[in-house]
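Heads up, the sequence shown is in numbering that gives the first Met the number 0, so the first residue is 0 and it goes up one at a time.
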Amino acid sequence: MQTPINFKKKVIASAIATSMLAGFSGAVLAQDGTDGSVEEVLVTGIKGSLQRAMDVKREAVGVVDAISAEDIGKMPDSNLAESLQRIPGVSIDRVNGEGSKVTVRGLAGDYNLVTLNSRQMPASSFGTSRSFDFANLASEGISGVQVYKSGRADVQSGGMGALINILTPRPLSNPGLKAVVGAKAVKDESSVMEDGLTPEVSGLFSNTFADDTIGITLTGSYQERNSGDRNANVGGWFSHAKDGGDWAGVPDDQKPSGDRAYAIPVNIGYSVTEVNRKRLNSQLTFQYQPVEQLTVTADYLYVQQETETNRFSSGMWFTRASGVDVKWSDTNPAYPVSYTENTGWHELDNSLNYNLAKSDLKSAGLNVMWDVTDNLAVEFDGHNSTSFSGPNGKWGNGNTFNMGVYDNYRASVDFTGDFPILNVGYQDGRTSAIPDVSRAQLTNNVFRVQLQDSSVDEYQLKGTYTFDDSFIDNIKAGVGTNEITNHYFNLGVQAQNQGSWNGVQGANGIGDIPTSYWRIDQFSKYFDNGGAGNAGFQNNFIHGNWNDLLAIGAELYGSDSGDCPRAYCTSYDPAKANDGFADQSTIETSDFAYLQAAFKPEIAGMPANLAVGVRYETTDVESSSYLSTYTPYIRWNGGNEYALLPSGSNDETTYGDYSKTLPNVDFDISLTDDIKARASYSQTIARPNYNDIKGGFVWGTAPRIAMGDASAGNPDLNPLESTNYDISAEWYYADASYVSLGVFKKDVVDFIGSSPVVIQDTGFHTPVNGPRWNAAVAAVGSDLLAIQNYILANYPGSVDAATGHIFALAEDPILPFTVTRPVNNKDASLDGIELAIQHTFGESGYGFQANATKVDSDTEYDDLSKANQFAIFGLSDSANFIGFYDKNGLQVRIAYNWRDSFLASVGDSAGANPVYTEAYGQVDASVSYDVTDNLTFSLEALNLTDETQRQYSRHENLVRNYTETGARYNVGVRYSF
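Here it is, written out as structure tokens:
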């Protein structure tokens with residue numbers, strides 16, 4: 000139940016701000032109106048949470064926002080990222096319908112630093128990003144979150160957009176016995192293959208002993224969740240503009256009129272994905288206070304996730320051969336209203352993915368706080384934290400079976416709606432759109448292992464000296480060091496079961512796999528969009544059972560040697576890699592020192608605060624790589640499929656370093672008892688992602704007919720550096736109520752761009768335009784299949800007749816490669832305005848939160864140009880509204896979160912083309928009722944209106960991804976002791 004409080008004095012708010020977020024957010028302080036004494040009253044629920052978060056904002060140095068738990072083990076949302084989007088300027092990225100990463104003031108996850116109890120955590124999921132995945136942490140073990148939007152010398156560097164500090168409970172901050180247990184049943188409608196409910200259980204136990212000098216807290220949670228999505232996608236768009244174009248296009252008579260920019264699709268595909276996740280969170284905290292001046296805290300965090308991913312898909316790769324017919328829009332750039340290929344053999348490409356993955360996060364820390372004197376406080380903090388992401392079994396975590404039905408198809412796609420509609424017919428007049436399973440074949444398979452190991456060793460020594468009755472409030476100083484290690488391993492093994500690109504398989508041709516292994520299915524059973532039920536849509540597709548195909552594939556095509564005799568499975572042996580290999584490690588060692596002084600002047604009778612600080616850091620980077628090498632002769636698999644052939648591997652180590660001086664100045668003044676104005680200046684940095692600072696030279700293993708691709712890292716990159724300006728005003732006009740308006744500007748230097756260079760003398764010979772190729776063109780023309788068959792028939796000494804592969808020879812020409820390397824070459828400015836209002840309607844129980852952020856940049860992507868361009872990813876406006884009722888044990892909340900469209904990335908399977916994410920809004924709601932003071936029942940609903948997500952390229956109709964998820968419902972019970 001909620002007990003109202005009245006805000007009286009700054010000292011009370013300061014006490015709330017400094018103690019409540021670190022504790023359990025259960026008890027707060029209120030002042031007795033008669034004798035000035037301070038008594039403890041219990042303030043829980045929504046209003047108590049908002050009051051504590053508001054007090055943190057009010058009393059903070061610089062620009063800080065916060066979220067506080069509503070009660071012990073009860074954050075406002077079941078996912079931390081979804082709670083964070085309540086804060087002005089914060090928007091989130093969702094994965095499987097769940098908040099995963101955050102963008103702050105237009106700067107995406109890689110530009111923000113997430114700490115846990117002021118400790119930097121290692122990367123927590125597979126990939127090269129530094130961005131923290133909030134899906135790894137259960138909200139039940141969190142007491143609060145602080146978001147530092149302006150830089151400060153006494154907090155860690157690395158958050159150019161913001162530093163987000165997650166706080167966990169401390170037993171001595173809230174002494175006595177506390178215990179909570181909770182359970183939820185979850186129904187996730189994004190899962191279309193699992194109908195049942197999944198469980199979530201959580202618990203918290205805390206107690207203090209020996210006159211509250213010893214405390215222990217144990218939190219734990221276990222969650223199972225079934226989720227998924229349905230997706231329609233175009234892998235890339237071959238784009239053309241006045242200043243250039245990608246390598247594939249259409250004949251002149253099919254181009255749009257008026258010399259407009261245009262794009263044609265690489266392929267079209269539809270998929271259904273199911274993810275089954277198990278997540279375990281636990282944390283143990285022990286505190287000992289032998290004397291009032293000394294507190295020792297030891298804690299251990301363990302997080303584990305296991306995922307099982309099943310995915311099946313179907314689609315078609317376009318050949319751009321003769322018979323192309325395009326109807327264009329009247330826009331610029333032009334998009335194909337319909338794209339049709341009337342002639343030429345096509346393959347209905349179907350795939351199965353089955354992946355088992357596991358990740359864990361472990362963190363052990365020790366903190367010692369010692370009040371040496373009444374004025375001097377010293378703190379030591381150290382931790383070792385590790386994370387691992389990789390396969391959960393011998394089959395690896397990046398596995399695919401590709402299945403083809405190769406036939407005399409004609410194909411047409413309608414791109415006029417949100418959902419692209421593929422229509423498949425036959426050139427020879429057949430009318431059935433059901434794939435002919437007698438022509439189905441297992442074309443190839445890829446088994447891939449992906450590993451990431453990360454660790455952080457960090458040690459800090461801090462001191463604060465507080466002055467008595469002085470213009471100087473305090474001086475803070477500190478030194479520290481951390482070492483961040485990141486190891487990335489990727490190895491792919493691919494088997495081309497098909498004999499050639501046109502699908503003739505093995506000695507017996509089509510039909511190696513008995514037809515009983517194939518299953519005809521319909522996409523309309525899984526998609527909600529009406530386009531899947533369109534009469535012209537290619538609704539039917541084939542797929543099979545993973546284990547059955549594994550067994551028959553091993554029987555037909557497996558080997559008696561290797562890591563997995565007579566079976567398909569992944570390998571850790573670099574010698575077996577034929578679909579990519581990388582073994583790369585980076586070690587970053589940073590040393591830092593800071594000094595910050597705080598002053599409390601009075602200006603014209605108005606109390607003010609001034610903080611001036613500087614942080615100095617040095618970082619050394621060591622990057623080691625163990626990468627594949629290749630023979631000088633490229634293999635032509637057929638069509639536009641080429642491959643480099645592994646010959647071994649080599650290792651290389653490169654180095655880099657940088658140093659940065661980061662100042663900050665923060666000023667605030669209380670214009671009245673209720674109105675505060677702020678101004679802040681700071682410099683912050685964001686470190687390059689791990690992919691950018693990797694060592695070595697990586698050749699793309701699948702070059703195209705005219706060009707190959709390669710990449711290289713750059714350990715000597717500088718971090719991105721932002722000079723930040725903030726001005727804001729805040730009016731705290733009532734309990735848990737305020738209005739704030741702020742403007743900000745960020746001038747960022749050393750954004751990382753790419754520097755593509757074409758290398759002509761790569762040493763890789765290609766059959767294309769060699770003597771055999773030219774002879775074939777002279778004899779049979781330019782059709783790729785005809786050229787391939789001619790070489791197979793006339794040059795048996797340089798081909799593999801069984802597979803149809805053709806190998807380059809020493810007299811063949813050299814294939815050029817475009818090598819891309821990251822460099823610091825871009826500067827940009829962004830500015831914005833943030834408006835927030837939080838209001839509670841007295842003691843009625845009603846209230847609301849609303850905020851909006853408008854952000855802009857001096858960079859903009861030009862969709863009518865193919866030139867190499869720079870723009871900031873993730874930059875978008877956002878708005879949030881939350882209405883609530885909290886009284887007499889009944890709590891109701893409804894939230895609407897909206898994010899405008901934004902540039903998500905640049906690059907698709909066709910080339911350097913933009914990928915935009917369409918504007919997205921979502922409605923969530925929750926209701927709970929306190930049956931007794933201890934027992935609460937709750938119901939939560941996320942994505943109530945079943946919104947879809949969509950991405951596109953240079954025009955909204957150049958669709959890249961259309962994704963359906965679904966609503967999620969949680970029914971819960973909670974009991975506190």
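Ideal Cβ positions, reconstructed from N, Cα and C, are used throughout, including at glycine.
key: CA-to-CA distance, residue 952 to residue 508, given in whole angstroms   = Because residue 508 sits at a pLDDT of 45, beneath the cut-off of 50, its placement in the model cannot be relied upon, and the following sentence gives the value as read from the coordinates. About 39 angstroms.
task = Would you mind sorting residue 252 into buried or exposed? The rule is 16 or more other CB atoms within 10 Å of its CB.
result = exposed
query = Is residue 269 closer than 8 angstroms to residue 226 when the C-beta atoms are compared?
reply = no
query = Hey, which unbroken runs of the alpha helix (DSSP H) at 4 residues or more fall wholly within the segment 504 to 556?
reply = 545 to 556
Option nearest residue 144 by Cα separation, candidates 172, 203, 78 and 707 = 78
query = To the nearest angstrom, how far is it from the Cα of residue 963 to the Cα of residue 354?
reply = 21 angstroms
query = What whole-angstrom Cβ distance do residue 757 and residue 815 have, given they're in contact under 8 angstroms?
reply = 6 angstroms
ask   = Between residue 663 and residue 692, what straight-line distance do the alpha-carbon atoms span, to the nearest angstrom?
value = 28 angstroms
ask   = Which residue's Cα is closest to the Cα of residue 473: 594, 685, 365 and 273?
value = The residue with the shortest Cα to Cα distance from residue 473 is 594.
key: Heavy atom of the ligand PLP within 7 angstroms of residue 908 beta-carbon   = The model on display carries no ligand, and the ligand PLP is accordingly not part of it.
ask   = In or out: residue 469 buried (at least 16 other Cβ within 10 Å) or exposed?
value = Burial check for residue 469: the Cβ neighbour count within 10 Å stays below 16, so the residue is exposed.
ask   = Could you give the uninterrupted runs of the beta strand (DSSP E) lying entirely in the segment 215 to 267, keeping only those of 3 residues or more?
value = 236 to 240 and 261 to 264
key: Exposed unless 16 or more other CB atoms sit within 10 angstroms - verdict on residue 24   = At residue 24, the pLDDT of 44 sits below 50, so the modelled position is not reliable and the matter cannot be decided from this model.
task = Could you check which residue in 359, 314 and 467 has the C-alpha nearest to that of residue 373?
result = Nearest of 359, 314 and 467 to residue 373, Cα basis: 467.
Coarse secondary structure for residue 54, derived from DSSP in three states = helix
task = Determine, using beta carbons only, whether residue 803 and residue 784 come nearer to each other than 8 angstroms.
result = no
inquiry  = Are the CB atoms of residue 105 and residue 829 within a distance shorter than 8 angstroms?
reply    = yes
ask   = Is there contact here, the segment 394 to 409 with the segment 360 to 373, by at least three beta-carbon pairs under 8 angstroms?
value = Two segments are said to touch when three or more pairs of C-beta atoms, one from each, lie closer than 8 angstroms; by this definition the segment 394 to 409 does not touch the segment 360 to 373.
ask   = Which word fits residue 240, buried or exposed, when buried means at least 16 other C-beta atoms lie within 10 angstroms of its C-beta?
value = buried
key: Same chain only: Cβ atoms within 6 angstroms of residue 835, ignoring 5 sequence neighbours per side   = 87, 739 and 850
ask   = Among 852, 826 and 887, which residue has its Cα nearest to the Cα of residue 842?
value = 887
Sheet register partners of residue 289 (DSSP bridge) = Answer is none; residue 289 lacks a bridge partner.
message = Quick check on the burial criterion: 16 or more other C-beta atoms within 10 angstroms. Buried or exposed for residue 863?
response = exposed
query = Any idea which residues DSSP pairs residue 707 with across the strands?
reply = Residue 707 is bridged by DSSP to 816.
query = Do you know how far the Cα of residue 181 is from the Cα of residue 193?
reply = 24 angstroms
query = Would you report the Cα separation of residue 301 and residue 610, rounded to the nearest angstrom?
reply = 37 angstroms
task = Figure out for me which residue from 658, 856, 569 and 152 has the closest Cα to the Cα of residue 61.
result = 152
key: Cα-Cα separation, residue 716 to residue 604   = 49 angstroms
inquiry  = Suppose the cutoff is 6 angstroms on Cβ atoms and the five residues either side in sequence are ignored; what does the same chain contact list for residue 978 look like?
reply    = Absent from the structure is residue 978, since the part of the chain shown begins at 0 and ends at 976.
inquiry  = Within 10 Å of its beta-carbon, does residue 286 have 16 or more other beta-carbons around it, so buried, or fewer, so exposed?
reply    = buried
ask   = Counting only runs that start and end within the segment 136 to 200, where is the beta strand (DSSP E) found for 3 or more residues in a row?
value = 143 to 147, 162 to 166 and 177 to 187
key: Check whether residue 388 and residue 451 have beta carbons under 8 angstroms apart   = yes
request  = Write down the C-beta distance between residue 890 and residue 854 rounded to the nearest angstrom, noting that I regard them as a contact closer than 8 angstroms.
outcome  = Their Cβ separation, rounded to whole angstroms, is 33 angstroms, which puts residue 890 and residue 854 out of contact at 8 angstroms.
ask   = Which ranges does the beta strand (DSSP E) cover as unbroken runs of at least 3 residues, wholly within the segment 819 to 848, from first to last along the chain?
value = 821 to 839
query = So residue 333 packs on residue 260, CB below 8 angstroms; how close in whole Å?
reply = 7 angstroms
key: C-alpha distance - residue 129 paired with residue 689, whole-angstrom precision   = 7 angstroms
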